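*Asks:*
Number of protein chains: 2
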Amino acid sequence: MPEGSSPQMGQSLLFLTDEQLRKGIEAMFFAYRGFTADPDRILAEKSYGRAHHRAIHFIHRSPGTTVNNLLSILGVTKQSLNRVLRTLIEDGLVASTVGTRDKRERHLHLTQEGAALERELSDAQRDRMRAAYRAAGPAAVVGFRQVLEAMMDDETRHHYEAMKEKPNER
Amino acid sequence: MPEGSSPQMGQSLLFLTDEQLRKGIEAMFFAYRGFTADPDRILAEKSYGRAHHRAIHFIHRSPGTTVNNLLSILGVTKQSLNRVLRTLIEDGLVASTVGTRDKRERHLHLTQEGAALERELSDAQRDRMRAAYRAAGPAAVVGFRQVLEAMMDDETRHHYEAMKEKPNER
DNA sequence: CTTGGAATGTCAACAAAGCTGACGTATTGT
DNA sequence: ACAATACGTCAGCTTTGTTGACATTCCAAG
């Protein structure tokens, strides 16, 4: 019996067939390539990688964040983050300042130069996202975000939600 | 004039504000972690990586595909794919057979053992996708796919479309 | 029938970015 | 005083990507 055509299957459940799920999985895989393609090109010119982009993005989103906080958002080890962070600090894109209340902490900020690169990267990424949103329409965008949020791990979703309502002045 | 608050901006364009786009970008980043988390756990036990998963997935999807075809779908170099493919062949998960019409080509198939791993991986990934789909609902799923498709590079979308209507017997 | 080009494979070397484990230092809180 | 925390760093390893060079095999065109 061909899948997805079971007579006793409610009409409302047809979107949960293996076939539909498989398309979603492949769409996710292929779309992620497009998602990262434009920033990757810019980063390659400057000898940076995706890891630098992620650090820059979240430092921009949460100026003054600590290393530990960034660590849990990015989900990597401190050694891995440190390597990236060190080059960004050496290159003058990120400023690391000792905490005032707790001097063990380092607070991270983008310098002017860092903010400039952030803008270049996010402009490129937003351009593609905007084109996709425009092509798909507002209703599709709502669904897009709903599915993505439901796909996250609980801990990850917590980070996402925490940042959701923190608009960045620009 | 700050974007997103222009009085003459049509109501229908509010979903294209930088703020909305930023949320979409972060949702994409966080969701991709969840997307790969379950297969990654299974793969780690077996000393394989994501690259092995991708190869297995697309060999399953297109049995008998050539190395070159797989290369263009995955978007990596032949050296990189070859390393992964070699281990899969050595481990008896993938069979490589010389082409009949063109003996330069190798046709790739999953062995029984390879198909078993494929099933384990895709079951895990589908479980999460199914939960996300169920939570978001059918209308959201349509939008989800529309946005993802619009996000792909043209060449990538071509691969995606080519595989779209090729259901796999299971 | 020869030869050029295509498809494949392989060797070597390298880089990005993740990981573990160990250790040092400064600081904080108990 | 002492344990825990935050951070940085060294060393070493893994996966997965990259180039470049070169050999082999084979099809197809001249």
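Each protein sequence line maps, in turn, to chains A and B. Going left to right, the first sequence walks through residues 1 to 170 as my numbering numbers them. Going left to right, the second sequence walks through residues 1001 to 1170 as my numbering numbers them. Ideal Cβ placement from N, Cα and C applies to all residues, glycine included. Keep in mind the model is a prediction, meaning the values are calculated, not measured.
Measure the alpha-carbon distance for A:K78 versus A:A55 and round it to whole angstroms.
*Replies:* Approximately 12 angstroms, taken between the alpha carbons.
*Asks:* Examine the ligand GTP and report whether any of its heavy atoms sits within less than 7 angstroms of the Cβ of B:I1073.
*Replies:* Absence of the ligand GTP is noted for the structure shown, with no ligands found whatsoever.
*Asks:* What residue range is occupied by the uninterrupted alpha helix (DSSP H) comprising A:L121?
*Replies:* Unbroken alpha helix (DSSP H) run through A:L121: Q112 to A136.
*Asks:* Could you give the first and the last residue of the continuous beta strand (DSSP E) run that contains A:V67?
*Replies:* No beta strand (DSSP E) holds A:V67; the alpha helix (DSSP H) holding it covers V67 to L74.
*Asks:* Chain B beta carbons: is any one of them nearer than 8 angstroms to that of A:Y177?
*Replies:* Residue 177 of chain A is absent from the structure shown; chain A starts at 1 and stops at 170.
*Asks:* Whose C-beta lies closer than 8 angstroms to the C-beta of A:E120 among residues of the same chain, with five residues either side of it excluded?
*Replies:* Once the five neighbours on either side are set aside, the close Cβ partners of A:E120 are I42.
*Asks:* Express the C-alpha separation of B:A1027 and B:Q1020 in angstroms, rounding to a whole number.
*Replies:* For B:Q1020 and B:A1027, the distance between alpha carbons rounds to 11 angstroms.
*Asks:* Measuring alpha carbon to alpha carbon, tell me which of A:M152, A:A37, A:R101 and A:H107 ends up nearest A:G64.
*Replies:* That would be A:H107, whose Cα lies nearest to the Cα of A:G64.
*Asks:* I'd like the ranges of any alpha helix (DSSP H) spanning at least 4 consecutive residues and lying wholly in the region 25-90 of chain A.
*Replies:* Runs found: 50-61, 67-74 and 78-90.
*Asks:* Could you check the C-alpha separation between A:I59 and A:L110 for me, to the nearest Å?
*Replies:* If I take the Cα positions, the gap works out to 7 angstroms.
*Asks:* Look at the alpha carbon of A:R170 and the alpha carbon of B:K1023, and state the distance between them as a whole number of angstroms.
*Replies:* Any reading at A:R170 must be qualified, since the residue scores a pLDDT of 40, below 50, and its modelled position is unreliable; no value is offered.
*Asks:* Could you give the C-beta distance for A:F15 and B:P1039, rounded to a whole number, given that I count them as a contact under 8 angstroms?
*Replies:* A:F15 to B:P1039, Cβ: 22 angstroms. No contact.
*Asks:* Helix or strand or just coil, what does DSSP make of A:L93?
*Replies:* Note: A:L93 maps to coil in three-state DSSP.
*Asks:* Could you compute how far the alpha carbon of B:L1148 sits from the alpha carbon of A:S47?
*Replies:* Rounded to whole angstroms, B:L1148 to A:S47 spans 28 angstroms at the Cα level.
*Asks:* Along the region 1023-1047 of chain B, what residues have a CB closer than 7 angstroms to any CB found in chain A?
*Replies:* Answer set for the region 1023-1047 of chain B: K1023, G1024, I1025, E1026, A1027, M1028, F1030, A1031, Y1032, R1033, G1034, F1035 and A1037.
*Asks:* Taking Cβ-Cβ distances below 8 angstroms as the criterion, which residues of the region 150-165 of chain A are in contact with chain B?
*Replies:* Of all residues in the region 150-165 of chain A, A150, M151, M152, D153, T156, R157, H159, Y160, M163 and K164 have a Cβ within less than 8 angstroms of some Cβ in chain B.
*Asks:* Contact defined as beta carbons within less than 8 angstroms: I believe B:E1113 pairs with B:L1093. What is the distance between those atoms, to the nearest angstrom?
*Replies:* Confirmed, about 5 angstroms.
*Asks:* Using only the alpha-carbon positions, how far apart do B:F1030 and A:A44 sit?
*Replies:* Straight-line Cα distance between these residues: approximately 23 angstroms.
*Asks:* Determine whether the beta carbon atoms of A:G34 and A:R128 lie at a separation below 8 angstroms.
*Replies:* Cβ distance < 8 angstroms, so A:G34 and A:R128 count as in contact.
*Asks:* So, using beta-carbon positions, are A:H52 and A:L88 closer together than 8 angstroms?
*Replies:* Result yes, Cβ atoms of A:H52 and A:L88 sit closer than 8 angstroms.
*Asks:* Using the rule of at least 16 other Cβ atoms within 10 Å of the residue's Cβ for burial, across every protein chain shown, is A:P2 buried or exposed?
*Replies:* Residue placement at A:P2 is poorly supported in this model, since its pLDDT is 48, which falls under 50; the coordinates are not used for a value here.
*Asks:* Quick check: the Cα distance between A:T17 and A:R101, rounded to an integer number of angstroms?
*Replies:* One C-alpha to the other measures close to 54 angstroms.
*Asks:* Please report the straight-line C-alpha distance between B:I1073 and B:R1050, rounded to a whole angstrom.
*Replies:* Their backbone Cα atoms lie some 15 angstroms apart in a straight line.
*Asks:* Quick one: does B:R1119 have its CB under 8 angstroms from some CB of chain A?
*Replies:* So, not an interface residue.
*Asks:* If you drop the 5 nearest sequence neighbours on each side, which residues of the same chain put their C-beta closer than 7 angstroms to that of B:E1155?
*Replies:* Around B:E1155: no qualifying Cβ.
*Asks:* Let me see if you follow: with CB-CB separation under 8 angstroms, is A:V76 close to chain B or not?
*Replies:* No, A:V76 lies away from the interface with chain B (no Cβ there is under 8 angstroms from its Cβ).
*Asks:* Would B:R1050 pass as an interface residue toward chain A - the criterion being a Cβ-Cβ separation below 8 angstroms?
*Replies:* Chain A contact via Cβ: absent.
*Asks:* Rounding to the nearest angstrom, what Cα-Cα distance links A:A136 and B:A1150 in this structure?
*Replies:* C-alpha separation (whole angstroms): 7 angstroms.
*Asks:* Excluding the 5 residues flanking B:S1141 on each side, which residues of the same chain have their C-beta closer than 8 angstroms to its C-beta?
*Replies:* The sequence given here has Val at residue 1141 of chain B, not Ser. Excluding residues within five positions, the ones whose Cβ falls inside 8 angstroms are Y1133.
*Asks:* Taking Cβ-Cβ distances shorter than 8 angstroms, what residues in chain A pair up with B:A1140?
*Replies:* Ordered by position in chain A, the residues that pass the 8 angstroms Cβ test against B:A1140 are V142, G143, F144, Q146 and V147.
*Asks:* What's the C-alpha gap between A:R171 and A:I25?
*Replies:* A question about residue 171 of chain A goes unanswered here, because the residues of chain A that appear run from 1 up to 170.
*Asks:* Mind checking A:S122: buried by the 16 CB within 10 Å criterion, or exposed?
*Replies:* Label assigned to A:S122: buried.
*Asks:* Distance cutoff 8 angstroms, beta carbons only. Does B:D1102 sit that close to anything in chain A?
*Replies:* No, because no Cβ of chain A sits closer than 8 angstroms to the Cβ of B:D1102.
*Asks:* Taking only the alpha-carbon atoms, compute the straight-line gap between B:L1117 and B:D1091 and give it to the nearest angstrom.
*Replies:* For B:L1117 and B:D1091, the distance between alpha carbons rounds to 12 angstroms.
*Asks:* Which bits of chain A does B:L1081 rub up against, with CB to CB less than 7 angstroms?
*Replies:* Those within 7 angstroms of B:L1081 in chain A number zero; the least Cβ separation is about 15 angstroms.
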